[in-house]
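Q:
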Amino acid sequence: MKKCVSIGLSTIALTSSCFGDEYLSNTREHAPAPISPNLTDGDNIPNSKDEKSELDLIWRGVESSFELPFGELKEREGLSGLSGNFSLNLPLIQTQDANLPSGATNGPANVNYTANLSLKYVLIGNWFASGTVYYYFDKDQQQTWNPDFTYVFGYSDWRPYTLSLLYSNYGGNRFSPETGGSRTNFDEGTVSLGWKFPITGKLLEWTRVSEDGSIGCQVDYNWTPSYFDLASSSYKAHQRTASLGCKYAIFGNWYVNATAFYYFDKSQQQPWNPDYTYGFGYFDWRPGTITLQYNNYSGNRWNPSNAAEGTGRFLDGSITLAYSFAF
1 MKKCVSIGLS
11 TIALTSSCFG
21 DEYLSNTREH
31 APAPISPNLT
41 DGDNIPNSKD
51 EKSELDLIWR
61 GVESSFELPF
71 GELKEREGLS
81 GLSGNFSLNL
91 PLIQTQDANL
101 PSGATNGPAN
111 VNYTANLSLK
121 YVLIGNWFAS
131 GTVYYYFDKD
141 QQQTWNPDFT
151 YVFGYSDWRP
161 YTLSLLYSNY
171 GGNRFSPETG
181 GSRTNFDEGT
191 VSLGWKFPIT
201 GKLLEWTRVS
211 EDGSIGCQVD
221 YNWTPSYFDL
231 ASSSYKAHQR
241 TASLGCKYAI
251 FGNWYVNATA
261 FYYFDKSQQQ
271 PWNPDYTYGF
281 GYFDWRPGTI
291 TLQYNNYSGN
301 RWNPSNAAEG
311 TGRFLDGSIT
321 LAYSFAF
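Its first residue numbered 1, the sequence shown is counted upward by one per residue in this note's numbering.
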């Protein structure tokens, strides 16, 4: 499963995290500011009114999810609702080719410099469809699982306490597949059901280093109908994971983020499927701005000695430079 369209091709990391995982493709979401009532140092007794307010916020977020505001369609003009970015993805090192059977459409992160064009179209409310096309500077290094294009669609609302539902496909999609091949394998994409929430109260006060610091998190359930299993060199069914990702906005548009994954069936985890991913950088969601990020979606392991060769190191990450625009 996968998260961020313009970087990394790990089969899990880009969905929620996709991460989140932004809407979670293309770029990182702008973490929501704390909304909970402020508690003074002397508040040792729970305030039922504050608790009710917090529950109201949560319920309003959940209840407002998946809305279809058809009235917006009357106000649409031309290409309104269309946005995107140009980006350069620059891996820090070039790793050796993976020893995978010919034709495999799932595999490790891309090791090639790429130029990418991502477009997102908001259909209505927070329902959208997006896609990214990739240009490989060294075409010979493009593996069968490195896509010509990727795509994501579904519902994602940046506001806290809202649900999201996404389908994402970062497999080896081809504009011109070989004879007998497929342009895309829809069943190898990932469906993610998520819920966003902010970190508030004392925990936020203890961790932030500036007045405008904030932490936004998202929990996801991810399901991939068909995935490639390296041990058996065959495709298997129903890879399932849960993920928890958080983004810490330090100050201004500077941030760090991380996502941890839980595999319901540990045997389904492939060498390129991470225990966790992480990133940091400068992200501005506004059109006409520059974003600079480092992200690591390689096969990171809690115990580094368990990482597969050529994965799980800082140098296995990549740098992305992007310019955003909107119509």
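In this text, a Cβ means the ideal position worked out from N, Cα and C, and glycines have one as well.
Everything numeric in this text was worked out from a predicted model, so none of it was measured.
#1: Contact between the segment 222-230 and the segment 248-256: three or more CB pairs below 8 Å?
#2: Do F325 and G288 have their C-beta atoms within less than 8 Å of each other?
#3: Is L68 helix, strand or coil by DSSP?
#4: Decide if V152 is buried, meaning its Cβ has at least 16 other Cβ atoms within 10 Å, or exposed.
#5: Classify Q218 as helix, strand or coil using the three-state DSSP reduction.
#6: Hey, how far is the Cα of G189 from the Cα of T114?
#7: With a Cβ-Cβ cutoff of 8 Å, do F137 and N173 count as a contact?
#8: On the three-state DSSP scale, how would you describe D212?
#9: Spell out the partners DSSP gives Q143 in its beta bridges.
#10: What does DSSP give as the partner residue(s) for P198 in the beta ladder?
#11: With DSSP collapsed to three states, give me the class of L92.
#12: How should I199 be labelled, buried or exposed, when 16 other C-beta atoms within 10 angstroms of its C-beta is the threshold for buried?
#13: Just to confirm, is the Cβ distance from A243 to A260 under 8 Å?
#14: Cβ of T150 within 8 Å of Cβ of T132?
#15: How would you call L166, buried or exposed, if buried means at least 16 neighbouring beta carbons within 10 angstroms?
A: Looking at the coordinates:
#1: no
#2: Their beta carbons are under 8 Å apart, which means F325 touches G288 by this criterion.
#3: coil
#4: buried
#5: strand
#6: In this structure, the CA atom of G189 is about 22 Å from the CA atom of T114.
#7: no
#8: coil
#9: None, per the DSSP bridge assignment.
#10: P198 pairs with G216.
#11: coil
#12: The residue is buried, with at least 16 neighbouring Cβ atoms inside 10 Å.
#13: It should be pointed out that residue 243 corresponds to Ser in this sequence rather than to Ala. Taking 8 Å as the Cβ cut-off, S243 and A260 qualify as a contacting pair.
#14: yes
#15: buried
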